[in-house]
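In terms of the numbering used here, the sequence shown is residues 11 to 353.
Heads up, the beta-carbon is just placed ideally off N, CA and C, and yes, glycines get one too.
All of these numbers come straight from a predicted model, not from anything done at the bench.
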Amino acid sequence: MKTKSYDALFDKYTQEKNIYESIVLVGKGTGETIFSKAYGGKDIDSPIIAASITKMFTAACIFILIQQGYIKLDDNLLNFYEPAYLNGLHFYKGKDYSYNLKISDLLCQTSGLADIYEEGKNCIKKQAIISDTFISFDKNIALTKEKEAHFPPNCKNNAHYADINYNILGDIIEKVTKCPLERVFEKYIFSKINMAKTYLPVSEKEYIPMVYYGDKQLYRPQFIICSKASGGCISSARDLMIFIQAFFHGELFDKKILHEKLYRKLQLSMYPIYYGSGYMRIKMGGFSTSFLGKGDLTGHSGSTGSFAFYYPEKELFFVGDFNQMKYPALPIRFVLQLAMFAP
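Okay, structure coming up:
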């Protein structure tokens, strides 16, 4: 392997941006580690805010519940909520589509719902940078109702990334299992594949790492705790490597489920990312990689700089963290270059 190229690339990214601590781990599908490097006192067992990689944990639990016969991808949200609760959630061009929403729309980011985390002058992300804030699930629903949706559910080739999709999936998991999400994650994922350093915090008594925004350190435990199914997990590079391999190798669920829904291109601000059955897909060999490389990268990145991706073309896995909120596209660019350097 071109580990010297990986080494130089890692140094470049940590030196050119405001990166104070970072970790990268590259492994083969056989379990062999071929490259590992840390910066700023991190190691492969250091706590990482998984952020949106948590969505893959949520997706895995949905797939497991489908296999167990508890839910189906085509289940309507009316199966789980009273009509009055859903009313006005999805409003587009004068028509309420709330009763048309299905689990598959949430899973594949094809619901069309607005993203209150990123959208608007007073979006949740901007609020979280300023101060720690707890936003309940009901408040998430209420805030989403205040914004018009972007398109009708499952409309043509449209997809729009929104945390509310996975917040609702997490709530459905709790309703179906009659267990809190942290216990479901532990039962179906963490204990099953020995992710010893991974947990979904529910209290400030549990360790929650700091995250940087530029040169400012932020401690946001309440925001992390309320993110739950869309971005609340704490993990480590070692554990993320265990998970990403188990997810795509079928150790948690029948991986044929992953091919039941087609990928769709996300909104322009998320270029060059497509979204499918609970994870991102980035095409190699396009404009974003100067037409170099073959195949696809599949997995997820997080707004805190975390990443966990699979490169089937070379049977390689890339996980790690930059712990920097100011540059959310940083892990995507980094992993694309890691894949390009692969022999």
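Check: The ligand FMN heavy atom lying under 7 Å from the CB of residue 77; Outcome: The model depicted lacks the ligand FMN and carries no ligand whatsoever.
Check: Residue 60 versus residue 334 - alpha carbon distance; Outcome: 12 Å
Check: Per-residue DSSP class, three states only, for residue 131; Outcome: coil
Check: Bounding residues of the alpha helix (DSSP H) (the contiguous stretch that carries residue 320); Outcome: No alpha helix (DSSP H) contains residue 320, which is instead part of the beta strand (DSSP E) from 316-321.
Check: Cα-Cα separation between residue 233 and residue 145, rounded to whole angstroms; Outcome: 7 Å
Check: Proximity below 8 Å, CB of residue 263 to CB of residue 73; Outcome: yes
Check: Per-residue burial, residue 94 [other beta carbons within 10 Å of its own, 16 or more giving buried]; Outcome: exposed
Check: Integer Cβ distance of residue 157 from residue 99, believed to fall under 8 Å; Outcome: The Cβ separation is near 10 Å, so there is no contact.
Check: Span of the alpha helix (DSSP H), counted from its first residue to its last, around residue 95; Outcome: 93-96
Check: Inter-residue spacing [alpha-carbon to alpha-carbon] between residue 85 and residue 28; Outcome: 44 Å
Check: Residue 227 to residue 293 span [Cα, whole Å]; Outcome: 34 Å
Check: Neighbour-count burial assignment, residue 338, 16 or more Cβ in a 10 Å radius; Outcome: buried
Check: For residue 230, the three-state DSSP class (helix, strand or coil); Outcome: coil
Check: Minimum C-alpha distance to residue 246 - residue among 308, 122, 161, 56; Outcome: 56
Check: Per-residue DSSP class, three states only, for residue 172; Outcome: coil
Check: Helix, strand or coil at residue 43 [DSSP, three-state]; Outcome: strand
Check: Contact check, residue 315 vs residue 340, beta carbons under 8 Å; Outcome: yes
Check: Assumed close pair residue 285, residue 273 - CB separation to whole angstroms, cut-off 8 Å; Outcome: 7 Å
Check: Sheet register partners of residue 310 (DSSP bridge); Outcome: 318
Check: Contact set for residue 185: own chain, Cβ-Cβ below 6 Å, skip 5 residues either direction; Outcome: 90
Check: Residue-chain proximity (residue 320, chain C), Cβ-Cβ < 8 Å; Outcome: Of the chains in the structure shown, none is chain C; there is only one protein chain.
Check: Residue span of the alpha helix (DSSP H) that contains residue 67, given as start and end; Outcome: 64-77
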